[in-house]
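Residue numbers (the numbering used here), protein chains in the order written: chain A, 26 to 376; chain B, 26 to 376; chain C, 1307 to 1640; chain D, 1307 to 1640.
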Amino acid sequence: MANMAQAIRMALHIGETELGVKDVFGEDVGPPLGGVFTCTQGIKCAWNSPLDERGIIGCALGLALAGQRPVAEIQFADYIFNTIDLLKLCGNTRWVSNGQWPVQMVVMVPVGAGIHGSIYHSHSFESVMTHLQGWKIVIPSTPLDAFGLMLSAIKDPNPVMYLIPKALLRSRGEEKIPGEPEDPKELNTMIDAPLGDRSKWKPVWPKLKDPNMLLGKAKICLGGRDVSVITYGRMVFKCVEAAQKLKEQDNISVEVIDLRTLFPYDQEAIFDSVKKTGRVVVVNEDTEVTNYGEHILRRITEDCFYSLEAPPALLAGANVPGVGLAEPLEEASVPQTSYIIDTVRRVVKQS
Amino acid sequence: MANMAQAIRMALHIGETELGVKDVFGEDVGPPLGGVFTCTQGIKCAWNSPLDERGIIGCALGLALAGQRPVAEIQFADYIFNTIDLLKLCGNTRWVSNGQWPVQMVVMVPVGAGIHGSIYHSHSFESVMTHLQGWKIVIPSTPLDAFGLMLSAIKDPNPVMYLIPKALLRSRGEEKIPGEPEDPKELNTMIDAPLGDRSKWKPVWPKLKDPNMLLGKAKICLGGRDVSVITYGRMVFKCVEAAQKLKEQDNISVEVIDLRTLFPYDQEAIFDSVKKTGRVVVVNEDTEVTNYGEHILRRITEDCFYSLEAPPALLAGANVPGVGLAEPLEEASVPQTSYIIDTVRRVVKQS
Amino acid sequence: MPFSKEKQIKIHDLMVKARLLEERLIKMNKSGLGFFWIGGAGEEAFHVPLGMLIKKGEGLDYDFLHFHYRQSATLLTLGVEMIDVIRQMHNTAADPYSGGRNFVNHFAVKKWNVVNVTSPIEVQLATCIGTGVAHRRHGGEGITIVTGGDAGTAEGEFASALGWASRKDRELPILNIVTDNRYGISTPFAEVHCDRPIAERGRAFGIESATINGNDVAESYAAIEKAMAYVRKKRKPYLLEVKVSRLYGHSSASGANWVEGEVDGIVEFEKKLKNAKILGEDDFKKVREKYEQESIEAVKKVLKEPKPKPEVIFEHIFADRKDAEIPWPPWLKK
Amino acid sequence: MPFSKEKQIKIHDLMVKARLLEERLIKMNKSGLGFFWIGGAGEEAFHVPLGMLIKKGEGLDYDFLHFHYRQSATLLTLGVEMIDVIRQMHNTAADPYSGGRNFVNHFAVKKWNVVNVTSPIEVQLATCIGTGVAHRRHGGEGITIVTGGDAGTAEGEFASALGWASRKDRELPILNIVTDNRYGISTPFAEVHCDRPIAERGRAFGIESATINGNDVAESYAAIEKAMAYVRKKRKPYLLEVKVSRLYGHSSASGANWVEGEVDGIVEFEKKLKNAKILGEDDFKKVREKYEQESIEAVKKVLKEPKPKPEVIFEHIFADRKDAEIPWPPWLKK
Ligand SMILES: Cc1ncc(C[n+]2csc(CCOP(=O)(O)OP(=O)(O)O)c2C)c(N)n1
Ligand SMILES: Cc1ncc(C[n+]2csc(CCOP(=O)(O)OP(=O)(O)O)c2C)c(N)n1
Ligand SMILES: [Mg+2]
Ligand SMILES: [Mg+2]
């Protein structure tokens, strides 16, 4: 099974060969490196930009205005915060021109902790990003979703922010991408750039099928009756792990929902689940003051108040300036499986 | 009574003469203009910076590191979004240096709609700002508070973001600043720069008393029993107006709380009020997805769930890319008194 | 003059048209018919020639235009109607550039590659990189043209635009214009900058650069022709620093009153036209009256037009309006 | 050599110390004793002289230092202890620079005006403006020194720093150093920039500028002396472009393996010391062994030290810890 980095690469390959993508670019995105996480290895139209995030987003917007369907990368979400004005501009261009100027572009950016990245390679971005308007925002948690969501992002006629949970880039999914070789090792030899000299290397791409995923649809990872856990990205696995333990240890039946699209989000799936279970925990790793999860909770409180059997809870990152490097600091800063278990247990016990 | 622009000016004057402020700077902040809203007229240490917001925040941080207690202005919140990374840096410098480097600085910036500012002179900033760490964040709604909060911001040993509800800058308060002349016209002649040549003009400053306001303290603008309305900035007046009408028309007793400090916020005042009334509406004009008010609501839902008699509600700006210029667009984009009335009424009727 | 009598008459006509339009907008603002004015009175001698020399059309065969908010003269030369500018000033629903959302002189004309004029200073210097990259790949003679003010050159994007356009063997066909009126809002350029020509900053990146008097029609026309020929053929960037005037100050926020002591490009041009016996005082008067009349009638008409409906705030956020409707404000009809 | 034998021996000693330390850090990373390495192997010939010439102390009478993450040699020269750097590498609670929060070589030393070394490229170029303004007002001989990489010059802040420092009659005493190792992470400078010296960009703002070989101790020392004399006395900015090597590649993320074909400033300097008969192979070996030993012992000691406690994540956010405690995570003891 492909890992997430390979899945993104394969989607970008289809993007450049079948969907009109002419530029995949950003810092160290072109040869020889193909991205600090290898997501752009072997992509023919990948190129290295100057070290200038404002130039990168500006360039992407200009390319979109010229009808070029660019995919731009910001190397880490930690380094996107000097471009918020430009992201706002991308998001308002269609609107302020009264519909004249569409902006079809994708920005991809790795987010979150979990790789000992210290204070500047661990930031989340969904809370600031969802506060901006005019963007669709997606975040995959499996290689298959990474593949499908990237293709749908490229095809979407709006700006799409594609958040990559960086700690999952090497993880392999349970579901295969339609068309990928049986043996993951075979895929590696086909599309992973070799160590050493790469100037003569060419990838061999498997023939894959676009799953045509709809943006805006959540996924029920685990059905359950007692409590809804709404999450996305890296936290999906921790929540599923917590759910399994809660089943075993307490016989609590947890429904885990992976939002996948943060805007426009799947309110139907959320409300249906909460109305069924009457209890909800929203989990993410962004810091907890003015957190995107609070928006979801607010909508739930407004729309499902009379179904709620206990106070809805948010479990999110501690409100600190960054994720510290030392392990005890990282563990104390972002939700861990045990905290999810504790929180869900508390919510289930409350009445 | 002083208007809010005058109040800020008088506080800055005390800042430079008594509190060690050596730089009040930003675009058009120095002579001859003294700020696009006149907040820095007559300030001796005010100077014009290049048109470069990143340079302005960087300069302020450097000045703070050199122990200079700067007050920097970004001309409009709409133009602060290219500095978010630097604001984060200001907020993490003390922390990441393990306490070595304090950052005593104030950034002031006009926010919000209400002056027909169209899409780039109407933005709010509290939702993005409260998501950052290491900053205190204040927003006055009266000249007296503007005066007191600015002095406290200058004295505070941390970075303080001072948000100015721009539509209130010409408004006069009901409470006087201790020491200001009886007749507001007298104050105008003392401290407003004349039209035309200003090169020889010198302000005459009244002798004022620092009210020593604590950051982090909310104010109960109007006591009430039936419902709590939690708000700040420009919306305070609309909420008070709505409360008065609700009293007259429906005999609903509304408690209106002006937060004044958005971080660290006065949780005690909030929880006390909600526990008393059992109903709450949070009102602000920032766009409603991942909105600071949702954080307040989340805290209320977590801590006061069993006191709540109706779903807590948020009334905030529509989730659109900007406030359009034409009056019907502006009215449809940000909360108006009538919407507040409708929402409070709905919340009070629910059970 | 390096060009024909007819062209000179045409240029004069358009300059006066642009000036009359701006003066009408100012009057509208002062009489409460528009919330805010910002515009290009004092830049006509440069912007009319610019408009004439643009390769106008849609798509990469044509020039992409990333403009400043003082380019009504360029837009009128391209062919926009006075009345449409007045619609934007009065923010009626029929404003074709922004549907009543944006300030006046914030154009957006897709069919001529006029990208939104933006309020945040210099962001167009970042965006232009992208159309430049697309133009480089596309080839042909279409180029990217970007304009910013003198104070704006202090923003980092000005350097970004120069850096990205001058990458060795990857140069971009971008004509980068700085209109230098010597002021930010109130801040003199000299107070916050070094005293070297802005053009030097282009040269540091190996970019061909020139400084010209934008109040002189002939000098402007020739300089634009030269710069465009270079960019179109060599597919490399060019930086043009243009000295212009700010005849009514920064905007309505600073009063929008006539400023003494600034050179008026129209007055200068009319002197030359008179000397060359191409036009005389009577002709000048006639042109003025023609556009005075046109602008007055346009205002009359626009005042009867409806304002945009509240619900349109949710229109054109996404290609599919439904995507924008989460959540929906309680006060708005669906 | 323009300076004494003793000084040369001292410089050599510090260069080797810095190199040995970096190599120890790399070994720690490879053996799992530190999550990440980034550092300055290949920049010692410049950074030791820099450290020697700094006016060291706290406050505006002294130099303010806004450094890049490859300046261990400067810091060792200023007087930091190897063991403290190793503490940061192993992120123990005793790490004096960040308390276990930040990557190695991200120094912060208040008593010597060493401002936090930051991860985001070039933000120090914005921050340095402020200490520059303070230094200008304060007078005396203290100056602001800022260092960034070659790739980083593409960020807007590089231009901001030049612009703010060169305002006419308001120049700032800032020594702006660009260490040019010809690469970003993997991207060659030549691929994404024009082929003009970076120093030209300073000259465009009227800033004194020079380009030097930072692998040569004598050239570096002389150039720094000259630049500092200018900035200290004239209170004006100076841009120094310094060619350096990247002997172990970008960081541990790119393998941290020895790179063939780069000039090694220590090897070059040792050739000269040998030729001048100041030191010989035996001396070189002894110095190496001394610091090898010191570093090994430091690691041993550090491995026994405790990691920071979880609760310290809330320490030093605000002057008063209570201000940070809203809200408090459910999993953390209070
Ligand atoms: C990023 C940003 N900062 C501040 C402003 C407020 N502002 C509007 S115009 C202006 C001055 C612009 O001066 P210049 O670039 O010389 O252009 P000019 O108006 O003189 O043509 C300022 C500071 C803005 N619009 N955008
Ligand atoms: C703003 C920002 N963007 C991207 C990165 C990721 N990054 C870390 S180092 C580096 C290359 C820096 O190159 P250069 O400025 O030449 O310094 P060097 O490492 O070569 O000394 C990049 C892109 C970052 N740290 N900060
Ligand atoms: Mg100007
Ligand atoms: Mg480099």
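Cβ atoms here follow ideal geometry from the backbone N, Cα and C, with glycine treated the same way.
Close CB contacts of ALA343 (chain B) within its chain, under the 8 Å cut and outside five residues either way in sequence, are with THR312, GLU313, ALA357, SER358 and VAL359 (chain order).
Taking a contact to require three or more Cβ pairs closer than 8 Å, the stretch 259 to 276 of chain A and the stretch 287 to 296 of chain A do not qualify as touching. Residues of chain C with a Cβ closer than 7 Å to the Cβ of ALA85 (chain A) are, in chain order, GLY1436. Taking C-alpha positions only, LYS1613 (chain D) is separated from TYR1375 (chain D) by approximately 23 Å.
At a cut-off of 9 Å, the C-beta of LEU271 (chain B) has no neighbouring C-beta in chain C. Interface annotation for the stretch 1404 to 1435 of chain D against chain B: SER1404, GLY1405, ARG1407, ASN1408, ALA1414, LYS1416, VAL1421, ASN1422, THR1424, PRO1426, VAL1429, ALA1432, THR1433, CYS1434 and ILE1435, criterion Cβ-Cβ distance under 7 Å. Contacts with chain D (Cβ-Cβ distance below 7 Å) from the stretch 110 to 127 of chain B involve ASP110, LEU111, LEU114, THR118, ARG119, TRP120, VAL121, SER122, ASN123, GLY124, GLN125, TRP126 and PRO127, listed in chain order. Sequence-distant partners of GLY159 (chain B) (beyond 5 residues in either direction) whose C-beta falls short of 6 Å from its own C-beta, in its chain, are GLY116 and ASN117. Measuring C-alpha to C-alpha distances from MET1395 (chain C) to each of C:SER1337, C:LYS1578, C:PRO1479 and C:ASN1581 identifies C:SER1337 as the nearest. As computed with DSSP, LEU1371 (chain D) is found in a beta bridge with D:VAL1420 and D:ILE1451. Taking C-beta separations shorter than 7 Å and ignoring five residues to either side along the sequence, the partners of LEU1579 (chain D) in its chain run GLN1314, HIS1318 and LEU1585, following chain order. One finds SER1425 and PRO1426 in chain D with Cβ atoms closer than 7 Å to the Cβ of TYR145 (chain A), taken in chain order. Here ARG1488 (chain C) is actually not in contact with PRO1479 (chain C); their C-beta atoms are around 29 Å apart, not less than 8 Å. For the pair ILE1344 (chain C) and ASN1411 (chain C), the CB atoms are nearer than the 9 Å cut-off. Residues LEU333 and PRO337 of the same chain have their beta carbon placed closer than 8 Å to that of THR326 (chain B), with the five preceding and five following residues left out of the count. By the Cβ neighbour-count rule, PRO289 (chain A) is buried, with 16 or more other Cβ atoms within 10 Å of its own.
Contact residues of the stretch 331 to 352 of chain B toward chain A are PRO336, PRO337, ALA338, LEU339, ASN344, VAL345, PRO346 and GLY347 (C-beta to C-beta distance below 7 Å). In summary, GLU1312 (chain C) is exposed, with fewer than 16 beta-carbon neighbours lying within 10 Å of its beta-carbon over all protein chains present. At a threshold of 8 Å, ARG1507 (chain C) does not count as near ligand 1, since its beta carbon sits no closer than that to any of the ligand's heavy atoms.
Secondary structure of ASP1486 (chain C) (DSSP, three-state): strand. By alpha-carbon distance to LYS69 (chain A), the top candidate from A:SER224, A:ILE245 and A:VAL308 is A:SER224. Boundaries of the beta strand (DSSP E) harbouring CYS246 (chain A): 244 to 247, taken from the DSSP string. DSSP places ASN276 (chain A) outside any alpha helix (DSSP H), giving it a letter other than H or E.
According to the DSSP assignment, THR312 (chain B) belongs to the beta strand (DSSP E) that extends over 305 to 312. When beta bridges are read from the DSSP output, VAL49 (chain A) appears opposite A:ALA71 and A:VAL96.
Closest by C-alpha distance to ASN1408 (chain C), out of B:GLN361, B:ASP291 and B:GLY142, is B:GLY142. Distance from the C-beta of ARG195 (chain B) to the nearest heavy atom of ligand 1 is not below 8 Å.
A distance below 7 Å between beta-carbons, with the five flanking residues on each side excluded, links MET133 (chain B) to the following residues of its chain, in chain order: VAL96, GLU98, TYR187 and ILE189. Between the alpha carbons of ARG34 (chain A) and GLY40 (chain A) lies a distance of about 10 Å. Neighbours of ILE1632 (chain C) across chain A, judged by C-beta separation under 8 Å: PHE288, PRO289, TYR290 and GLN292. The stretch 1438 to 1449 of chain D and the stretch 1514 to 1532 of chain D do not touch, with fewer than 3 CB-CB distances between them shorter than 8 Å. When the five nearest sequence neighbours on each side are left out, the beta carbons in the same chain lying within less than 8 Å of the beta carbon of LEU44 (chain B) are those of ARG94, LEU176, ILE179 and LYS180, in order along the chain. For TRP1470 (chain D), no CB of chain A lies under 9 Å from its own CB, so it is not counted at the interface with that chain. Any Cβ of chain D closer than 9 Å to the Cβ of ASP48 (chain B) would place that residue at the interface, and such an atom is present. Judged by their CB atoms, ILE1451 (chain C) and HIS1372 (chain C) are nearer to each other than the 9 Å cut-off.
Taking 9 Å as the cut-off, the beta carbon of GLY1520 (chain D) is found no closer than this to the beta carbon of VAL1565 (chain D).
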